[in-house]
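Residue numbers (the numbering used here), protein chains in the order written: chain W, 1014 to 1108; chain G, -12 to 126.
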């Protein structure tokens, strides 16, 4: 999984705590990751409420299909057709 | 938490997909949900969304819906469980992604699946044989 480096400013008190944790073998980066996961879990559903209509509209406004793009020739939701399409594509790649 | 399968993901990102409106409607109903995904699903979705703008929409959708990657889906134990599940259902020729979803639902009981694949309703089960919870009712 890819990751990005983020910098976190700490005051003296937290720096002291971070050093103590590190001395005890605790990776501060793990502490930050766990804290982010925990806070994310605590988000109230209402806070997570999304304007999905705006998200969907925005996706197609920002990344519109160019004109004359051919439609897919198979039904993704038909397992057999979808698998056959993937196999065809893999065969084309091997040539 | 809701694990998004390939079908809804592709349908959301392709306005000409036969289930685009259905998926957008389901997304509206699931607006407050927390979404997750595994790499196998993203890989499949990219097969079905080969064009630049489709993949840009896919990436943006995953970002804007705060879809998280399921951790632990790459370790050896998980891989063994997935192969075991594939062998169990070999007669039905499931995909790797189907198996990943079933195994993940077995290890995290809070997961439900947003899928348009009827086999998750009719055939596939968690590794312990129990039903896989579905986030939207099967049609």
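Just so you know, even glycine gets a beta-carbon here, dropped at the ideal spot from N, CA and C.
Checklist entry - How big is the Cα-Cα spacing for residue 1034(W) and residue 1027(W)? => result 10 Å
Checklist entry - Name the DSSP beta bridge partners of residue -10(G), please? => result 23(G) and 100(G)
Checklist entry - Helix or strand or just coil, what does DSSP make of residue 55(G)? => result strand
Next on the checklist: If contacts are defined as beta-carbon pairs under 8 Å, then residue -8(G) and residue 101(G) qualify, I think. What distance do you get, rounded to the angstrom?
Outcome noted: 6 Å
Next on the checklist: For residue 1045(W), would you say it is in contact with chain G, using Cβ-to-Cβ distances shorter than 8 Å as the test?
Outcome noted: no
Item to check | residue 1028(W) in three-state terms, based on DSSP | outcome: helix
Checklist entry - Going by Cα to Cα distance, which pick from 12(G), 37(G) and 57(G) is closest to residue 84(G)? => result 57(G)
Item to check | First through last residue of the alpha helix (DSSP H) which encompasses residue 1048(W) | outcome: 1041 to 1055
Checklist entry - Roughly how many angstroms separate the alpha carbons of residue 1088(W) and residue 16(G), rounded to a whole number? => result 24 Å
Checklist entry - Taking three-plus beta-carbon pairs below 8 Å as touching, is the segment 107 to 115 of chain G in contact with the segment 39 to 59 of chain G? => result no
Checklist entry - How is residue -1(G) classed by DSSP in three states: helix, strand or coil? => result helix
Checklist entry - Is residue 1072(W) helix, strand or coil when you go by DSSP? => result helix
Next on the checklist: Rounded to whole angstroms, what is the Cα-Cα separation between residue 62(G) and residue 91(G)?
Outcome noted: 12 Å
Checklist entry - residue 63(G) CB to nearest chain W CB: under 8 Å? => result no
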